[in-house]
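Sequences listed follow chains L and E, in order. Read in order, the letters of the first sequence are residues 1 to 188 in our numbering. Read in order, the letters of the second sequence are residues 1 to 188 in our numbering.
Number of protein chains: 2
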Amino acid sequence: MPRKIYAALVHYPVVDKHAQVVSTSVTNLDIHDISRSARTYDLDAYYLVTPIEAQHWLVNTILEHWNTGWGSTYNENRKDALGLTKCVTDIGALVQDVAAECGESPILVVTSARSYPNTISFGDLRDTLQADGPPVIIIFGTGWGLHPEVISEADLILEPIMGRGDFNHLSVRAAAAIIFDRLLGNGR
Amino acid sequence: MPRKIYAALVHYPVVDKHAQVVSTSVTNLDIHDISRSARTYDLDAYYLVTPIEAQHWLVNTILEHWNTGWGSTYNENRKDALGLTKCVTDIGALVQDVAAECGESPILVVTSARSYPNTISFGDLRDTLQADGPPVIIIFGTGWGLHPEVISEADLILEPIMGRGDFNHLSVRAAAAIIFDRLLGNGR
Chain L
1 MPRKIYAALV HYPVVDKHAQ VVSTSVTNLD IHDISRSART YDLDAYYLVT
51 PIEAQHWLVN TILEHWNTGW GSTYNENRKD ALGLTKCVTD IGALVQDVAA
101 ECGESPILVV TSARSYPNTI SFGDLRDTLQ ADGPPVIIIF GTGWGLHPEV
151 ISEADLILEP IMGRGDFNHL SVRAAAAIIF DRLLGNGR
Chain E
1 MPRKIYAALV HYPVVDKHAQ VVSTSVTNLD IHDISRSART YDLDAYYLVT
51 PIEAQHWLVN TILEHWNTGW GSTYNENRKD ALGLTKCVTD IGALVQDVAA
101 ECGESPILVV TSARSYPNTI SFGDLRDTLQ ADGPPVIIIF GTGWGLHPEV
151 ISEADLILEP IMGRGDFNHL SVRAAAAIIF DRLLGNGR
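Encoded structure:
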């Protein structure tokens, strides 16, 4: 059975520019852009992770609009992409949901713009994803990045994306697209 | 001298879902996300192309906020990225601006999610960009894509991004990020 691959966008716990823990707001384009990228690279689901109940209501209202409401006939491609998208309260619930679906515990891979000593390279993670094995969740942070606790508790830390030069302040939407393409695309 | 490379996001002429020519609105995240991706891959400038004067005012107000206003000290990385970004009226003005800066006419490369018989592959365009030569502008469309007239008048049409499967309805922000990475990145 080919490996199941998931993405998750974490809104808590993440850090702000002063490295303080914060909870960020879900944004409409983080739902749409990353759902569309996840669908393009044939991921099994895309999770929005936030403990704030009002944000779950917001996400679910947007998803209903596109999945079963007016948007579902206006733009069927969008329905196709947003059909992948779910909302969970925290990383524990994310892991439980994937484990329940797959019947085994997932491997957690965190992403960061920062360098860590023990990262896995894009090439090695690409090879891992191609081999059979337990499900993998690729985890992205909002704000100024995932809280260090999330990083330290992950199974794998993916190396940062470097472009040309030392500026690597990509939006999370751009970073997710590039990471899916590097790990799963056939385009170069 | 290494080749100069530019990106442009066209808001007119593009098509809507019924293949009718329309002018789309500039959005704040199209400015930010693609500026940040362009800066990460060390492009020489990023142009927003729209004939609507009120949109020029909007773009320039946003750019001023981040380049010289309050935002320039709040987030210096954002200033660094948005310093690349300019606004022009149409593709003619885009070509003139690049030609004036470089002293020679640019090669226009258009991008599309559709397939055309005479596309250039990512690998071939990557080789082209690495060789010396005239400046290159990579042109992206908003809405449902560039008007056929823009496609037919371009020098080169880049092959579409395909992920895994036949769904390739990426956001333009995601597509631009992947295209810069495939053409200019070192990450796989």
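All C-beta atoms in this analysis are idealised placements derived from N, C-alpha and C, irrespective of residue type, glycine included.
Using a CB distance cut-off of 7 Å, Phe140 of chain E does not count as an interface residue toward chain L.
Take the alpha-carbon of Leu125 of chain E and the one of Ala93 of chain L: they are about 44 Å apart. At least one beta carbon of chain E lies nearer than 7 Å to the beta carbon of Asp33 of chain L.
Non-local C-beta neighbours of Asp97 of chain L in its own chain, meaning closer than 8 Å and more than five positions away in sequence, comprise Tyr47, Lys86, Val88, ordered along the chain. Distance from the Cα of Gly141 of chain L is smallest, within the candidate group L:Tyr41, L:Asp90, L:Asp80, for L:Asp90. Annotation: Lys86 of chain E is outside any alpha helix (DSSP H); the continuous beta strand (DSSP E) that includes it extends over 85–88.
Between Tyr116 of chain L and Ile157 of chain L, the CB-CB gap stays under 7 Å. For the pair Phe180 of chain E and Ser35 of chain E, the CB atoms are not nearer than the 7 Å cut-off.
Membership of Phe140 of chain E in the beta strand (DSSP E) is indicated by the continuous run 136–141.
Ranked by Cα distance from Met162 of chain E, the first of E:Ala113, E:Gly185, E:Arg173 is E:Ala113. DSSP links Leu156 of chain L through a beta bridge to L:Val109. At a cut-off of 7 Å between beta carbons, Arg114 of chain L makes no contact with chain E. Chain-order list of chain E residues neighbouring Asp181 of chain L: Ile161, Gly163, Ile178, Asp181, Arg182, by C-beta distance under 8 Å. Nearest CB-CB separation between Arg3 of chain E and chain L: not below the 7 Å threshold.
Contact check between the segment 51–64 of chain L and the segment 17–36 of chain L: three or more CB pairs, one atom from each, fall below 8 Å, which counts as touching. Judged by DSSP secondary structure, Tyr46 of chain L falls within the beta strand (DSSP E) whose first and last residues are 45–49. Annotation for Tyr6 of chain E: no alpha helix (DSSP H) segment contains it, though the beta strand (DSSP E) segment containing it runs 5–10.
Here Ser121 of chain L is exposed: its Cβ has fewer than 16 other Cβ atoms, across all protein chains shown, within 10 Å. In the DSSP assignment, Ala131 of chain L falls outside any alpha helix (DSSP H), carrying neither H nor E.
Listed along chain E are Phe167, His169, each with a C-beta nearer than 8 Å to that of Asn77 of chain L. DSSP, reduced to helix, strand and coil, places Val26 of chain L outside both helices and strands of the structure shown, so it counts as coil. Shown here for Asn168 of chain E: same chain residues with a beta carbon closer than 7 Å to its own, the five before and five after excluded, namely Ala113, Pro160, Ile161, Met162 in chain order. If you look at Lys79 of chain E, you'll find it in the alpha helix (DSSP H) that goes 76–82. Looking at the backbone, the Cα of Ile107 of chain E and that of Leu84 of chain E are separated by about 19 Å.
Restricting attention to L:Leu43, L:Val150, L:Ala54, the CA atom closest to the CA of Gly185 of chain L is found in L:Leu43. Listed along chain L are Phe167, each with a C-beta nearer than 7 Å to that of Asp80 of chain E.
In the DSSP assignment, Arg182 of chain E falls within the unbroken alpha helix (DSSP H) covering 172–184. Here the alpha carbons of Ala8 of chain L and Ile151 of chain E stand approximately 36 Å from one another.
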